[in-house]
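Numbering (our numbering), first residue to last: 1457 to 1841. Ideal Cβ positions, reconstructed from N, Cα and C, are used throughout, including at glycine. On a predicted model such as this, the values are computed, not experimentally measured, just so you know. Report on one structure; see the data block that follows.
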């Protein structure tokens, strides 16, 4: 069935298209036109002056809607994915925190099943840990943390092509071998939960680690050894200009002024917005939590207030925060929510921009940046127009 979006301000790779229209044929964008004459037999969707932008691509989300992807079940996956879709995430890479091999295998089986479904928003599995620096794990299960174990990760990489990203701390013994194995399987590696020095980051980068997870979080900034300053992981990532970063843009994990600094230094082409959300995100009911975790000030914290435990942000929250609080140009914010993560994850051939032939993944926002409409693969998810 044909659908035509009219009366909106459409974001295209060439910039904003005023007074044009967008024609959807099934699950694909059939045409982006600078005229809004109604197409015969098309269902007309009046954008009512809203911004019409590409659907959000979340490359790092642990859960939502009261469920966590680490549960591994189809029910948990669907609940979390659906919760995020209602807030603008039309493509998602479900993320596991540090897990045992059986837990990873269960999640891989579920992820593989969902990826095989027609028009699925699930594009691959993202594993964070368990190969982390034990001094930087905070809310993750410290009992699971260890250095890379080839006898664990190699069979998983061989068996499960659904694995598209795997994060670890590059200072650990065996890190370069792990990165090389991931590259062989086309899996993105990212540094995370780390105390990596410049030498560690550079060695990982040379081996093929090109991305930094939740930038500024769970990694050190410049520090002193005796009378000398030492570049932290953050400065090391800045120094490697082609390294991409992702930021939890809730305004809490990374304050707005720092979000703006990341944008200024790394640029829109190298900065992606992520939710890094836990099960509490987009949840209308209660969620049983660990005794050591509390919800306070719009974020998850460890109950002793020693560290943040995770995000409850959604895609629309990231966008509003970056525009209204971090004062990043709106057009670049939309690109960092869609185009940049699509490119980093290797799916820009079909996701991340409004172009003829690409998947019909659309968000609409009013002039106050309230989310008013979501379309995923040509199917309406929410409509508050």
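- Nearest to residue 1751 (by Cα), restricted to the options 1736, 1762 and 1740: 1736
- Message: Excluding the 5 residues flanking residue 1590 on each side, which residues of the same chain have their C-beta closer than 7 Å to its C-beta?
- Response: 1598 and 1601
- Item | Buried versus exposed call for residue 1759 [16 or more other C-beta atoms within 10 Å across all chains shown] | exposed
- Query: Can you tell me the Cα-Cα spacing of residue 1822 and residue 1799, whole angstroms?
  - Reply: 26 Å
- Buried or exposed: which applies to residue 1721, given that a residue is buried once 16 or more other Cβ atoms fall within 10 Å of its Cβ? exposed
- For residue 1544, which option in 1814, 1773 and 1824 has the closest C-alpha, if you only look at C-alpha atoms? 1773
- Message: Can you list, in chain order, the residues of its chain with a C-beta nearer than 7 Å to that of residue 1504? Leave out the 5 residues immediately preceding and following it.
- Response: 1463 and 1841
- 4-residue-minimum alpha helix (DSSP H) runs that sit fully inside the stretch 1604-1646, ordered along the chain: 1606-1615 and 1631-1640
- Might you give, ordered along the chain, the residues of its own chain that have their beta carbon closer than 6 Å to the beta carbon of residue 1422, omitting 5 neighbours on each side? One cannot answer for residue 1422 here, as it falls past the ends of the chain, which runs 1457 to 1841.
- Expressed to the nearest angstrom, what Euclidean distance is found between the alpha-carbon atoms of residue 1780 and residue 1713? 12 Å
- When the Cα atoms are used, what is the spatial distance from residue 1764 to residue 1578? 27 Å
- Provide the residue(s) that pair with residue 1757 in DSSP beta bridges, ordered along the chain. 1750 and 1764
- Query: How many Å lie between residue 1810 and residue 1469 at the Cα?
  - Reply: 7 Å
- Message: Under 8 Å, with one C-beta from each stretch per pair, do the stretch 1699-1708 and the stretch 1483-1493 reach the 3-pair mark?
- Response: no
- Whole-angstrom Cβ separation of residue 1613 and residue 1637, contact assumed at under 8 Å? 6 Å
- Within its chain, find whatever has a CB closer than 7 Å to the CB of residue 1838; leave out the 5 residues flanking it on each side and keep chain order. 1542, 1829 and 1830
- Message: Between which residues of its own chain and residue 1641 is the CB-CB distance below 6 Å, once the five residues before and five after are set aside?
- Response: 1613
- Query: Going by the CB atoms, is the gap between residue 1485 and residue 1807 shorter than 8 Å?
  - Reply: no
- Answer with buried or exposed for residue 1757, where buried requires no fewer than 16 other C-beta atoms within 10 angstroms of its C-beta. buried
- Can you tell me which of 1805, 1610, 1660 and 1621 puts its alpha carbon nearest to the alpha carbon of residue 1629? 1660
- Item | Residue interval of the beta strand (DSSP E) (run including residue 1715) | Premise fails: residue 1715 lies in the alpha helix (DSSP H), 1712-1722, not in any beta strand (DSSP E).
- If you drop the 5 nearest sequence neighbours on each side, which residues of the same chain put their C-beta closer than 8 Å to that of residue 1698? 1666 and 1726
- Message: Taking its Cβ as the centre, do 16 or more other Cβ atoms sit within 10 Å of residue 1679, making it buried, or is it exposed?
- Response: exposed
- Task: Throw me the rounded Cβ distance for the residue 1536 and residue 1525 pair, which I believe falls under 8 Å.
- Result: 6 Å
- Assign residue 1590 to one of three DSSP states: helix, strand, or coil. helix
- Neighbour-count burial assignment, residue 1627, 16 or more Cβ in a 10 Å radius: buried
- How close, in whole Å, do the beta carbons of residue 1834 and residue 1480 come, if the pair is a contact with beta carbons under 8 Å? 5 Å
- Message: Give me the residue from 1616, 1474 and 1478 with the minimum Cα distance to residue 1563.
- Response: 1616
- Task: Tell me whether residue 1795 is buried or exposed, calling it buried when 16 or more other Cβ atoms sit within 10 Å of its Cβ.
- Result: buried
- Would you mind stating whether residue 1646 and residue 1663 have Cβ atoms separated by less than 8 Å? no
- Message: Rounded to whole angstroms, what is the Cα-Cα separation between residue 1695 and residue 1681?
- Response: 20 Å
- Query: Taking just the CA atoms, how far does residue 1731 sit from residue 1785?
  - Reply: 19 Å
- Please classify residue 1761: is it buried, with 16 or more other beta-carbons within 10 angstroms of its beta-carbon, or exposed? exposed
- Task: Out of 1685, 1580 and 1651, point me to the one whose CA is closest to residue 1513's CA.
- Result: 1580
- Contact under 8 Å by Cβ, residue 1690 with residue 1675: yes
- Query: Between which two residues does the alpha helix (DSSP H) containing residue 1512 stretch?
  - Reply: Per DSSP, residue 1512 belongs to no alpha helix (DSSP H); it is in the beta strand (DSSP E), 1512-1517.
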